[in-house]
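For what it's worth, the numbering used here labels the leading residue of the sequence shown as 613, then goes sequentially. From the three backbone atoms N, C-alpha and C, an ideal C-beta is built for every residue, glycine too. Step one of this worksheet: look at the structure below.
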Amino acid sequence: MHRFKDLEIWKMSRIFCSDIYKTTYSFPETEKFGLANQLRRASVSVPSNIAEGCSRKSNKDFSRFLEIAIGSLYEIETQLLISNDLGFLQKNKLDILLLNLSSIIKMTSKFKSSLK
């Protein structure tokens, strides 16, 4: 069993989640229940699944929760690109978020493969 608060992937994904919340504050009011909500829910899912996976007794179970977290990360990437396409997110902010996102995906994937 791992202590989730000690995992760098959990720390980074938690900060990233806060960044997503701050970013979506500027989205149009009409997106309150659209992309803004989807981005927030997916971003909360990442550190939550890492934490929940840590509570599992086997690496196989933990790995499954990491896989779900990775899926949420790719969902966020798609939603960020759509947000940029629609003009809700400026290119410079998109680039920063995608860079951080890519880092988290790589670290999580590498950590997941180390559990086998």
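Distance CB(residue i)-CB(residue j) smaller than 8 Å
i: Ile716; j: Phe628; result: yes
i: Ile662; j: Phe677; result: yes
i: Ser684; j: Val658; result: yes
i: Ile682; j: Ser721; result: yes
Contacting residues, own chain, Cβ-Cβ under 8 Å from residue i (five flanking each side not counted)
i: Val656; result: Cys629
i: Leu619; result: Ile662, Cys666 and Phe723
i: Glu664; result: Phe677
i: Asp673; result: Gly665
i: Leu713; result: Phe628, Leu685, Ile688, Glu689 and Leu692
i: Met624; result: Asn712, Ser715, Ile716 and Met719
i: Leu647; result: Thr636, Phe639, Gln691, Ile694, Ser695, Leu698 and Phe700
Expected contact under 8 Å - CB spacing of residue i and residue j to nearest Å
i: Thr635; j: Leu710; result: The pair is not a contact, with the Cβ atoms about 12 Å apart (cut-off 8 Å).
i: Ile621; j: Phe700; result: Contact flag wrong, Cβ pair sits at about 27 Å.
i: Leu727; j: Asn671; result: 4 Å
Nonlocal neighbours in the same chain, by C-beta distance under 6 Å from residue i, ignoring five residues either side
i: Arg626; result: Pro659
i: Glu687; result: Ala654
Residues near residue i in its chain [Cβ-Cβ closer than 7 Å; skip 5 each side]
i: Tyr633; result: Arg652
- Message: Taking contact to mean 3 or more Cβ pairs, one atom from each stretch, closer than 8 Å, check whether the region 676-692 and the region 645-654 are in contact.
- Response: yes
- Please go through the region 617-663 and give each complete alpha helix (DSSP H) segment of 4 or more residues, from N-terminal end onward. 620-636
- Item | the region 693-710 contacting the region 632-642, beta-carbon criterion three pairs below 8 Å | yes
- Scan the region 668-725 and note each continuous alpha helix (DSSP H) run of 4 residues or more that stays entirely inside, going in chain order. 671-697
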